[in-house]
Structures are given as C-alpha cells and as structure tokens.
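Protein chains in written order, with the working numbering: chain A, 49 to 169; chain B, 49 to 169. Just so you know, even glycine gets a beta-carbon here, dropped at the ideal spot from N, CA and C. Presented below is the structure to which this report refers.
Protein chains: 2
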Amino acid sequence: MSKNNGLEKEEFENNSQACPMTSVMNVIGGKWKVIILYHLRDSILRFGELRKRIPKITQKMLTQQLRELESDGLVTRTVYPEVPPRVEYQSTPLSDELRPIIDMLCDWGQKQQDYIRSVDE
Amino acid sequence: MSKNNGLEKEEFENNSQACPMTSVMNVIGGKWKVIILYHLRDSILRFGELRKRIPKITQKMLTQQLRELESDGLVTRTVYPEVPPRVEYQSTPLSDELRPIIDMLCDWGQKQQDYIRSVDE
DNA sequence: TCAAGTAAGCACAAATTTGTAAGCTAGTTC
DNA sequence: GAACTAGCTTACAAATTTGTGCTTACTTGA
C-alpha cells in the first residue's frame, strides 16, 4: 500500500491492519479515488478520457491517484509504446468486488442529498 | 452539509450535487467518520465510550467529527443535563442504511489487506 | 520552423485536515 | 476550598492533501 511504504512494520500494524476500515479508507479515501473507480467500473479508459469524464481533476492528481490505485491492486495500467503515448487503465478483480459497494454508496448518496435539501429547505 | 455552509449555491451544485460520490465522500470521508459509524452500528454510546473504543482519536477530532455527522443527519446527539455531563450518540435511520455498506467495506478491507501482504511478502 | 497531441515529471504554493495543549463549566466529594 | 468529573472549546502548530505552472519526449502535419 503506497501510503505505508516508509513505515516500520510495527507502525503499519497499528494503523491499517488493526482496523479494516482504516485500511479501506487508506485505499479509497481522498477526493478522487472512488470517482475514478466509478468511471472505470465498466470501461477501459485512457488517461485523457478519464480527464474528460472528471473535468475538475488536475493532471497531476489524476496521475497520482491512478498510480496509487495501481500499487494497491485496484487498477491495471497498460502502456502502449506509441507516439503520441497511449496508456489505458482498467479495473481489476479486486476492484470489481468493490463495484456493488460503490453502486450502493451512490444510491445512498442520493438519499443523503435529499436529506440535506430537506434540512436546508 | 457542514462542508458547504459557506458556499454559493452554484458552487454547491457543481461540487456535491452533480456527483453523488463526491457528496458521499464529503460525508463519510476523512480519517474517522466511518470508524465512528462502525462503532455506533449497534450501540448507543457516550462520548467517553467512543474514545475508549477508538483509542487514537483525540478529543477534539471526536467532538468535531461527531458534530459534522450530526449536522449531516447520521447521528443524533442527546445531552442529559446532569453533572458531570452525559452525552449519548446514536445512529439514525439514514446511517442505518449505511450499515450493510460499511459491513461490506469491512469485508473487502480484509481481502485488500491480504492482497497487500501477498505483494509485500 | 513551429504548433498540436499525449502522458507524465518537477518545484513550489495553497488549502485542508489533524494534532497539541491549555482552559472552561458546575456540581460533587474529600 | 482543592480536586475531580465529562464533555467541550479555543488558539495555535504540524502534517497531509491538493493545486499551479512550467518542462520533457517524440512524431505528424502545416
């Protein structure tokens, strides 16, 4: 897991291994990762296509998040040695298992938005 | 939603309402919220009890996160006018719907940890 | 010769999140 | 009347995350 590369083993165990939730959030937390996974749910996408689908993400963040997802086993990255370069990203079996969860979260998000609106009115 | 209190309506819509995932992450993202919700899954807990169950959280963060969860409709906060003070937190119908999702995330977290171990070996 | 196209890298700055340490409250007990 | 209690607050500091702007590499077409 990218986040823990520099940690002592002991510290690593206190952090992630003790609590599965913490380890989950290390992997899909942050501002962009679930959104990226959401878009990769059912398509193989190139870097530029992901950028179009997530207009507000910066190039740097997209690169960075994709690399972390890759090293956590959630996406594969395929580089085609062409010019101009072509790089494709796709989900893995591990992230496929996340799919129903992401869908449920998405549905729940709608409900939550409704709640917010009812409070704001 | 606490995060958006200061935003213009327009900006709010671009952020959360456009993408349910973003709105979900606003609500359960961060280092502690799912963990708190996890512990409130099936018990009503006092502030101090939550602290014991989440040893590494600081008082400030626990207060802060609970208040945000409250204003997002995910926990209720009941103050008993006693001395010393007693405050109880419990889940709401809205966060109860999150429960199966949290359970699934938890299971998935185990798998993910196994993957990590197999890569680190 | 020069721009366009694609995926990235870097140094640095801004923003956000989290942590530390102290203080406050108002009754209750010693 | 000092100490204790549970929950909270505030000012400030540190850490982490995210964003900005500029640069690289290579080829094609104008």
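- Ser71 (chain B) reaches chain A at Gly157, Gln158, Gln160, Gln161 and Ile164, counting residues in chain order whose Cβ is nearer than 9 Å.
- The C-beta of Pro141 (chain B) comes no closer than 7 Å to any C-beta of chain A.
- Here Thr126 (chain B) is bridged, per DSSP, to B:Glu136.
- Gly96 (chain B) sits exposed, since fewer than 16 C-beta atoms from the chains shown fall within 10 Å of its C-beta.
- For Arg94 (chain A), DSSP records a beta bridge to A:Glu136.
- When 8 Å is used as the limit between beta carbons, Glu145 (chain A) is near these residues of chain B: Trp156 and Lys159, in chain order.
- Your pair Tyr137 (chain A) and Leu85 (chain A) does not check out as a contact, with CB atoms roughly 10 Å apart and the cut at 8 Å.
- Cβ-Cβ separation between Glu130 (chain A) and Thr124 (chain A): approximately 18 Å, too far for a contact (criterion under 8 Å).
- DSSP, reduced to helix, strand and coil, places Leu110 (chain B) within a helical segment of the structure shown.
- For Val82 (chain A), the enclosing alpha helix (DSSP H) covers residues Lys81 to His87.
- Three or more pairs of CB atoms, one per stretch, sit closer than 8 Å, so the stretch 147 to 157 of chain B contacts the stretch 66 to 77 of chain A.
- Chain order gives the chain A residues near Tyr86 (chain B) as Met69, where near means a beta carbon separation below 7 Å.
- In this structure Val82 (chain A) is buried. Its beta-carbon is surrounded by 16 or more other beta-carbon atoms within 10 angstroms.
- According to the DSSP assignment, Asp144 (chain A) belongs to the alpha helix (DSSP H) that extends over Pro141 to Asp144.
- When the Cα atoms are used, Leu122 (chain B) and Ser91 (chain A) turn out to be separated by approximately 33 Å.
- With a beta-carbon spacing of about 7 Å, Gly78 (chain A) and Gln113 (chain A) fall inside the 8 Å limit used to define contacts.
- Using beta-carbon distances, Ile105 (chain A) does not count as an interface residue toward chain B, since no partner is under 7 Å.
- DSSP, read as helix, strand or coil, puts Gly157 (chain A) in helix.
- If you ignore the 5 residues before and after Met109 (chain A), its C-beta comes within less than 7 Å of the C-beta of Trp80, all in its own chain and listed in chain order.
- By the neighbour-count criterion, in which 16 or more other beta carbons inside 10 Å mark a residue as buried, Ser166 (chain A) falls on the exposed side.
- By the neighbour-count definition (other C-beta atoms within 10 Å, threshold 16), Asp120 (chain B) is a buried residue.
- Distances from the CA of Ser143 (chain B) to each of B:Leu88, B:Pro103 and B:Pro68 were compared; the closest alpha carbon is that of B:Leu88.
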